[in-house]
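Novice:
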Amino acid sequence: MEELIFLVEESLEGGFTAKGLGISIFTQGETYEALKLAVIDAVHCHFDDDKKRIIRLHIVSEEVIAA
663 MEELIFLVEE SLEGGFTAKG LGISIFTQGE TYEALKLAVI DAVHCHFDDD
713 KKRIIRLHIV SEEVIAA
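With positions in the sequence shown counted from 1, the corresponding number in this note's numbering is that position plus 662.
#1: Report the rounded CA-to-CA distance for M663 versus K713, giving the unit in angstroms.
#2: Considering V722, what are the terminal residues of the beta strand (DSSP E) in which it resides?
#3: Applying the criterion that 16 or more other CB atoms from any shown protein chain within 10 Å of the CB defines a buried residue, is F688 buried or exposed?
#4: Tell me whether V722 is buried or exposed, calling it buried when 16 or more other Cβ atoms sit within 10 Å of its Cβ.
#5: To which residues of the same chain is G677 closer than 8 Å at the C-beta, ignoring the five residues directly before and after it?
Have a look at this one:
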């Protein structure tokens, strides 16, 4: 089964973005749950077939602190 990996980040404007690694897919969602549905929809639209794929969401978080 093919595995697709997406880099997930919180957007500065709010919500989340997901960028496919090695594939030209980019999507966003207001909530994490909405993002997951958007990723699934984007994958189905991109490949336009009935093949099942594993989607891995790699969540990246960045925090800046003063010392």
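The C-beta atom is built at its ideal place from N, Cα and C for all residues, glycine as well.
Values in this document were obtained by computation on a predicted structure and should not be read as measured data.
Specialist: Looking at the coordinates:
#1: 9 Å
#2: 715-722
#3: exposed
#4: exposed
#5: Only Q690, G691, E692, T693, A696, L697 meet the Cβ criterion.
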